[in-house]
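Participant:
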DNA sequence: AATGTAATTGCCAACCATTTGCAGAAGGAT
DNA sequence: ATCCTTCTGCAAATGGTTGGCAATTACATT
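Chains as they are written, first to last, in the working numbering: chain A, 540 to 685; chain B, 540 to 685.
(1) Do the region 630 to 647 of chain B and the region 587 to 604 of chain B touch if we need at least three Cβ pairs shorter than 8 Å?
(2) Can you list, in chain order, the residues of its chain whose CB lies under 8 Å from that of residue 621 of chain A, leaving out five sequence neighbours each side?
(3) Taking DSSP as the reference, what is the three-state secondary structure of residue 647 of chain B?
(4) Quick one: which residues of the region 625 to 649 of chain A get their C-beta closer than 8 Å to a C-beta of chain B? List them in chain order.
(5) According to DSSP, residue 613 of chain B sits in a beta bridge with which residue or residues?
(6) Does DSSP put residue 582 of chain B in a helix, a strand or coil?
(7) Would you mind sorting residue 586 of chain B into buried or exposed? The rule is 16 or more other CB atoms within 10 Å of its CB.
(8) What is the DSSP secondary structure of residue 674 of chain A, counted as helix, strand or coil?
(9) Counting only the same chain and skipping the five closest in sequence on each side, list residues whose C-beta sits under 7 Å from that of residue 690 of chain B.
(10) Pick helix, strand or coil for residue 657 of chain A, following the three-state DSSP scheme.
(11) Between residue 670 of chain A and chain B, is the shortest Cβ-Cβ distance under 8 Å, so that the two count as touching?
(12) What are the boundary residues of the alpha helix (DSSP H) that includes residue 549 of chain B?
(13) Residue 608 of chain B lies in the alpha helix (DSSP H); which residues open and close that run?
Listed below in structure tokens is the structure:
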């Protein structure tokens with residue numbers, strides 16, 4: 540399992556005393572289907588296709604709410620926009636092509652080792668890890684096979 | 540040596556056909572002395588102490604220019620502001636306390652290993668690495684010694 | 001099913017960091 | 001010293017995000 544189902548997510552909402560509105564259900568669906576790489580405006584655009592009356596404020600308000608509840612996370616892929624993704628049980632990191640903007644997710648056991656090492660060395664307890672590796676993908680001339 | 544001296548930086552400017560202005564010299568000095576964790580507005584404030592006539596536009600324009608030329612880099616410590624630092628020969632990463640906002644820089648050989656591993660696995664050539672580890676520092680209750 | 005009520009929405013204006021247009025100032029080659 | 005072009009300062013524009021408020025809606029209670 541990589542992330543909560545929309546249904547489970549709604550249960551969390553309820554547990555926090557928040558209401559389950561049509562808009563929230565819709566937004567969760569959109570964020571889920573966006574697979575992690577939609578910004579607020581794109582989420583708004585897609586949500587409108589289902590419900591043309593939804594407002595941009597509602598999108599922002601709910602992205603912030605869901606973020607506070609820890610149900611989605613905000614990703615900084617570039618300096619321009621924040622992207623949103625359902626929060627995974629298993630964290631992942633990003634490999635970003637600076638030419639075509641392709642984003643590839645990765646995970647590696649080295650990350651855990653790094654956390655342990657730095658955590659001990661600097662006396663921190665680490666809760667979240669953000670890693671972005673920026674470069675050129677194979678198609679954009681970055682690989683050694685090119 | 541960790542980063543270019545201001546003088547060397549100015550040489551790069553000249554080499555790119557850009558002019559060496561008083562404002563640019565001043566901004567480089569401020570960014571250098573800020574040691575990597577000033578946002579645009581703070582840079583503006585400090586620059587004004589030296590030259591009260593400098594404008595915020597000039598600050599932004601030059602931060603962007605210096606960034607394009609690769610002389611400084613933009614760091615996303617939080618969602619609010621971008622911070623700027625002289626670009627180091629040796630990259631470093633950030634350990635951030637979510638409570639007191641303290642930022643500790645770190646480096647580890649594991650990062651190089653991670654780059655090699657992922658680079659090979661995913662066929663990317665990696666140019667830049669951003670790592671932020673967010674958690675609680677010892678003082679804020681995060682350490683195992685508490 | 002109808003009611004009460006507090007959370008939520010949509011609309012619109014405000015906000016604030018950043019960018020842009022333009023006229024005047026200044027770097028730097030000659 | 002002159003000329004040409006880049007750069008600056010100012011002020012207005014931009015664009016993503018937030019906030020106020022009246023109308024709407026979720027949902028617990030009856």
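All C-beta atoms in this analysis are idealised placements derived from N, C-alpha and C, irrespective of residue type, glycine included.
Facilitator: Let me lay it out:
(1) no
(2) 578, 579, 613, 614, 615
(3) coil
(4) 634, 636, 637, 643, 645, 647, 649
(5) B/623
(6) In the structure shown, residue 582 of chain B sits in a helix (DSSP, three-state: H, G or I).
(7) buried
(8) strand
(9) Residue coverage of chain B in this structure runs from 540 to 685, which leaves residue 690 of chain B outside it and unanswerable.
(10) helix
(11) yes
(12) 545 to 554
(13) Taken as a continuous stretch (DSSP letters only), residue 608 of chain B belongs to no alpha helix (DSSP H), as it is neither H nor E.
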